[in-house]
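S.K.: Residue numbers (the working numbering), protein chains in the order written: chain P, 1 to 313; chain D, 1001 to 1249. Glycine is no exception: its CB is placed at the ideal position from the N, C-alpha and C atoms. Encoded as structure tokens, here's the structure I'll be asking about.
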Ligand SMILES: Cc1cc2nc3c(=O)[nH]c(=O)nc-3n(C[C@H](O)[C@H](O)[C@H](O)COP(=O)(O)OP(=O)(O)OC[C@H]3O[C@@H](n4cnc5c(N)ncnc54)[C@H](O)[C@@H]3O)c2cc1C
Ligand SMILES: Nc1ncnc2c1ncn2[C@@H]1O[C@H](COP(=O)(O)O)[C@@H](O)[C@H]1O
């Protein structure tokens, strides 16, 4: 029977939202064992969170000072050592996994399946191409290790279960010093995380300024929602880059997505295809966003967004 | 220092791609092709580094069929000094692209390889990281700011939690994100000048690379379509509809 190794995403303190979804994906591979690797420093708190995910058989912890920040060039040789005992090495398709896993695959001498969205068989998978305009079924070679990033929006998060054993793993990997962490300018706020929130309110170019974007935050806060944005809003500097939703930003699957002053370009829609309910507010009745919206309101956002916020109190 | 820029020819981002009815792939006949947008950004950044006097030469490299010469000419018109086409008519997987670019890097003595963070056709996002691994050099993916200080690059990258800054020793691989810069427009005289710039054509065998695809595409299908829903007339109707659907809490 085959074995799966999930590489845990984390921010140095807490387990990331991708890991629980990777465990669910791993379950679909029909493997006998699912283990999760935590490469961090300090690692104990993250490992404990990983151990509590239902379906995890064992947590492998590699705690070295060099793992304080997730540098792909530093983590990859360690993952390669751990990978020796596994048939599948997977991680989330977020910036952590997208950076790390191709490096791991190349060192293992294999290719990678990016954004794996469904498991059709032990070696057949579906994944999106062309901004999700086409879905391909790919077959990987039967004898080789499979490295994949998991499209997290396609898999539910694993729940919690009885704690799995935590094992310290050491690797004799030689780590490079050519890559050094300088700083992380993290945007911290009390809002829910965009990638795992049940409700997301996004604003587009129509907002016109960072100051005007406040009406989006106010509505989101009233709804307990995370805040997202189109590329145009990010490029214009209204909001930071980590809020971009779409083909080249974050792919999300909330229960409710509200697109406000967003036209609905294909690159944006790729990011929200799996939302359960899409609501669009746009003053142009011809905007493409209405072709995919479950509920549309044709109106000037500067009038109706404050009205909506007030109505929800 | 010489800079290599990976240039992939892809279906233009404005084209709405359609799956062929028989599921054998996407319809590409007569479709507008362009340089992958992220590669234009990578090229722009390489040109700026050269214009600041921190690089001597910018080389655009593409792996693909003969028609890719059109995109390489555009890269030359934008300002690349010369171009190399590595001919291959078959589909090339990211790992093979990385192996090929590495062969060029070794041949040319490259100090910095600039790629896009992802090609908007396969959406793989793998090549830069694989190249860095095979080259055993640093990688900085999703770059939004690049500073070259002698033998070190200080690069800011867009990560899910914000902006991360790394310092790497050169040679290194950097992949571009959207906010790195805004690529310049090509002017007519540049197109004329580009016609005279060198464009070398080689192939995988000449570089000692075997074409070794690992994945087989069994089927291509259209994604499930979302359908147009209802239009409400005002905010009270919207609130009522959201409550009815139970999505407010
Ligand atoms: C390589 C590449 C990658 C890309 N990746 C992404 C991505 O990941 N995510 C992404 O979002 N985009 C992406 N894009 C950009 C995408 O093509 C669009 O340009 C972008 O999504 C447009 O943003 P927008 O809808 O906010 O702006 P616009 O298209 O300008 O739309 C603004 C909308 O607001 C409406 N409006 C204006 N005023 C009001 C008002 N007062 N009240 C109500 N409505 C109003 C208008 O009718 C219009 O529909 C990418 C593009 C490229 C080339
Ligand atoms: N056939 C190719 N020729 C040249 N560069 C390529 C090719 N394929 C990919 N690349 C480079 O690798 C980047 C990432 O591609 P991908 O890994 O396919 O998403 C692209 O933006 C290009 O810079």
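Of all the options D:1125, D:1175 and D:1184, which has the alpha carbon lying nearest to the alpha carbon of residue 111 of chain P?
M.R.: Reading the first chain from its first residue, position 111 is the one you call residue 111 of chain P. If we check each option's Cα against that of residue 111 of chain P, D:1125 comes out closest.
S.K.: DSSP beta-bridge partners for residue 35 of chain P?
M.R.: On the first chain, residue 35 of chain P is found 35 positions in, with the first residue counted as 1. DSSP output for residue 35 of chain P lists P:5 and P:58 as bridge partner(s).
S.K.: Name, please, each residue of chain D whose Cβ falls closer than 9 Å to the Cβ of residue 290 of chain P.
M.R.: For this step, residue 290 of chain P is matched to residue 290 along the first chain. Within 9 Å Cβ-Cβ: 1228, 1229 and 1231.
S.K.: Can you give me the C-alpha to C-alpha distance between residue 92 of chain P and residue 18 of chain P, rounded to a whole angstrom?
M.R.: Walking along the first chain from the start, residue 92 of chain P turns up at place 92. Walking along the first chain from the start, residue 18 of chain P turns up at place 18. Rounded to the nearest angstrom, the two C-alpha atoms are 5 Å apart.
S.K.: Sorry if obvious, but does the Cβ on residue 1094 of chain D come closer than 7 Å to a heavy atom of ligand 2?
M.R.: For this step, residue 1094 of chain D is matched to residue 94 along the second chain. Answer for residue 1094 of chain D: yes, Cβ within range of ligand 2.
S.K.: So residue 220 of chain P and residue 245 of chain P are supposed to be a Cβ contact under 8 Å. How far apart are they, rounded?
M.R.: Taking the first chain and counting its residues from 1, the one referred to as residue 220 of chain P is at position 220. Taking the first chain and counting its residues from 1, the one referred to as residue 245 of chain P is at position 245. That belief does not hold up - the Cβ atoms of residue 220 of chain P and residue 245 of chain P are roughly 13 Å apart, past 8 Å.
S.K.: Taking the alpha helix (DSSP H) that residue 1122 of chain D falls in, what are its first and last residues?
M.R.: Within the second chain, residue 1122 of chain D is the residue found at index 122, counting from 1. Neither: residue 1122 of chain D is in no alpha helix (DSSP H) and is coded neither H nor E.
S.K.: Going along the chain, which unbroken runs of the alpha helix (DSSP H) with 4 or more residues stay wholly within the stretch 134-190 of chain P?
M.R.: Taking only runs of at least 4 residues, no alpha helix (DSSP H) segment lies wholly in the stretch 134-190 of chain P.
S.K.: Taking 8 Å as the CB-CB cut-off, is residue 1256 of chain D touching chain P?
M.R.: Because chain D here runs from 1001 to 1249, residue 1256 of chain D falls outside it and cannot be looked at.
S.K.: Taking 8 Å as the threshold (beta carbon to beta carbon), is residue 1176 of chain D in contact with chain P?
M.R.: Position 176 of the second chain, counting from 1, holds the residue named residue 1176 of chain D. No, its Cβ sits nowhere closer than 8 Å to a Cβ of chain P.
S.K.: What does the Cβ neighbour count give for residue 282 of chain P, buried or exposed, with the cut at 16 atoms within 10 Å?
M.R.: For the purposes of this step, residue 282 of chain P is taken as the residue at position 282 of the first chain. Buried.
S.K.: Along chain D, in chain order, which residues have C-beta atoms closer than 9 Å to that of residue 98 of chain P?
M.R.: Along the first chain, one-based indexing puts residue 98 of chain P at 98. In chain order: 1117, 1118, 1125, 1126, 1129, 1141 and 1142.
S.K.: Would you kindly check if the distance between the Cβ of residue 90 of chain P and the Cβ of residue 38 of chain P is under 8 Å?
M.R.: Counting from 1 along the first chain, the entry for residue 38 of chain P is found at position 38. Counting from 1 along the first chain, the entry for residue 90 of chain P is found at position 90. Their beta carbons are not under 8 Å apart, which means residue 38 of chain P does not touch residue 90 of chain P by this criterion.
S.K.: Going by the CB atoms, is the gap between residue 1114 of chain D and residue 1035 of chain D shorter than 8 Å?
M.R.: Locating residue 1035 of chain D in the second chain gives position 35, where the first residue counts as 1. Locating residue 1114 of chain D in the second chain gives position 114, where the first residue counts as 1. No; because the gap between Cβ atoms is not below 8 Å, this pair is not in contact.
S.K.: Quick one: what's residue 1033 of chain D bridged to in DSSP?
M.R.: Here residue 1033 of chain D is taken as the residue at index 33 of the second chain, counted from 1. Paired residues: D:1011.
S.K.: Is any heavy atom of ligand 2 found at a distance shorter than 7 Å from the C-beta of residue 152 of chain P?
M.R.: Position 152 of the first chain, counting from 1, holds the residue named residue 152 of chain P. No, since every heavy atom of ligand 2 falls outside the 7 Å radius drawn around the Cβ of residue 152 of chain P.
S.K.: For the stretch 1199-1217 of chain D, which residues have a CB atom closer than 7 Å to at least one CB atom of chain P, in sequence order?
M.R.: Per Cβ criterion, the list reads 1214, 1215, 1216 and 1217.
S.K.: Taking only heavy atoms of ligand 1 into account, decide whether any of them is closer than 7 Å to the Cβ of residue 282 of chain P.
M.R.: In the first chain, residue 282 of chain P corresponds to position 282, counting from 1. True, at least one ligand heavy atom lies under 7 Å from that Cβ.
S.K.: Mind checking if residue 1028 of chain D is an interface residue toward chain P, Cβ cutoff 8 Å exclusive?
M.R.: Along the second chain, one-based indexing puts residue 1028 of chain D at 28. So no, residue 1028 of chain D is outside the interface.
S.K.: In angstroms, rounded to a whole number, what distance separates the CA positions of residue 278 of chain P and residue 292 of chain P?
M.R.: As a position in the first chain, residue 278 of chain P is number 278, starting the count at 1. As a position in the first chain, residue 292 of chain P is number 292, starting the count at 1. Each residue's Cα considered, the two are about 7 Å apart.
S.K.: Would you kindly work out how many angstroms separate the C-alpha atoms of residue 102 of chain P and residue 163 of chain P, rounded to a whole number?
M.R.: To locate residue 102 of chain P, count along the first chain from 1; it is residue 102. To locate residue 163 of chain P, count along the first chain from 1; it is residue 163. Near 30 Å, if we compare the C-alpha coordinates of residue 163 of chain P and residue 102 of chain P.
S.K.: Verify the contact flag: residue 248 of chain P, CB atom, against every heavy atom of ligand 1, threshold strictly below 7 Å.
M.R.: Translated into the one-based positions of the first chain, residue 248 of chain P becomes position 248. Checking every heavy atom of ligand 1 against the Cβ of residue 248 of chain P, one is found closer than 7 Å.
S.K.: Among the candidates P:257, P:251, P:177 and P:242, whose CA atom is the shortest distance from the CA of residue 225 of chain P?
M.R.: Here the question's residue 225 of chain P lines up with position 225 in the first chain. Nearest C-alpha to residue 225 of chain P: P:257.
S.K.: Within 8 Å (strictly less), CB to CB, does residue 1162 of chain D reach chain P?
M.R.: Here residue 1162 of chain D corresponds to residue number 162 of the second chain, with the count starting at 1. Closer than 8 Å to some Cβ of chain P, the Cβ of residue 1162 of chain D qualifies, so yes.
S.K.: Check the Cβ-Cβ distances between residue 1236 of chain D and every residue of chain P, and say whether any is below 8 Å.
M.R.: Residue numbering aside, residue 1236 of chain D sits at position 236 when the second chain is read from its first letter. Answer yes: the Cβ-Cβ gap between residue 1236 of chain D and chain P drops below 8 Å somewhere.
S.K.: Compare the C-beta of residue 1168 of chain D against all C-beta atoms of chain P and say whether one is closer than 8 Å.
M.R.: The residue you call residue 1168 of chain D lines up with position 168 of the second chain. It does; some Cβ of chain P falls within 8 Å.
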